[in-house]
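The structure appears right after this line, and notes come after that.
In full-length UniProt numbering, the protein residues as written are 1 to 83.
Right, dumping it as structure tokens:
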């Protein structure tokens, strides 16, 4: 067996496992820290030492994971298609 064939077959075997692990993570913890504010909900103003609330997370410090957003969208499409 060639090295490239071995790496390809390992990659094909690992991809479903990684997908299942990420979907489990999205089910257990659907939110992640906001990258803009670092999870604090506050962002330093451009000039000075004052802070303002983060616009991306609405000062909660949490954002939906991409996988959770895709799962919610798929469930919404399924629900609307069965009405």
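Where a beta carbon is used, it is the ideal one built from N, C-alpha and C, also for glycine.
7 angstroms CB neighbourhood of residue i in its chain, flanking five on each side removed
i	result
residue 30	64, 65 and 68
residue 41	53, 54, 57, 59, 60 and 61
residue 44	51
Buried or exposed by the 16-neighbour rule on C-beta atoms within 10 Å, applied to residue i
i	result
residue 12	exposed
residue 26	buried
residue 54	buried
residue 84	Past the boundaries of the shown model lies residue 84; the chain is included only from 1 to 83, so the question cannot be answered.
Residue interval of the alpha helix (DSSP H) (run including residue i)
i	result
residue 76	66-81
residue 36	That residue, residue 36, is in no alpha helix (DSSP H); it is neither H nor E in DSSP.
residue 12	3-28
8 angstroms contact criterion, which residue i and residue j should meet: CB distance rounded
i	j	result
residue 39	residue 8	With a Cβ gap of about 38 angstroms, residue 39 and residue 8 do not count as contacting.
Strand pairing of residue i, partner residues [DSSP]
i	result
residue 62	33
residue 52	43
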